[in-house]
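Numbering (our numbering), first residue to last: -19 to 91.
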């Protein structure tokens, strides 16, 4: 797994080509190693991602967001309209950073 630290979030990227294994690995890593951090998953390398694959991250997303931290998936192959409202999927890393920043502001304002 590639890890890239930014001032207010960390970007995690799969180095292998197995989205299901990566989802399982992320589920075990996020609660312990990334507690208290905003997380962005870079899944841009998966150019044929489908909804069932994205839903593998739903449990992790819900748990992390419940702890008042951002969890954003970056992929430009999935149809955003198919993604459940509980998950945030954006097409670029820039947009992921913007989402994290907006959610930080919302949390600071008490929303």
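All C-beta atoms, glycine included, are put in the ideal place defined by N, C-alpha and C.
- The three-state reading of DSSP puts residue 34 in helix, counting H, G and I together.
- Residue 37 places its beta carbon less than 8 Å from that of residue 3.
- Here residue 90 is exposed, its C-beta having fewer than 16 other C-beta atoms within 10 Å.
- Measuring C-alpha to C-alpha distances from residue 55 to each of 48, 88, 20, 49 identifies 20 as the nearest.
- Assignment of residue 29 by DSSP, reduced to helix, strand and coil, places it in the coil class.
- Residue burial annotation: residue 77 is buried, with at least 16 other C-beta atoms found within 10 angstroms of its C-beta.
- As DSSP reads the structure, residue -17 sits in a beta bridge with -8.
- At a cut-off of 4 residues, not a single continuous stretch assigned as alpha helix (DSSP H) sits fully inside the region 39 to 80.
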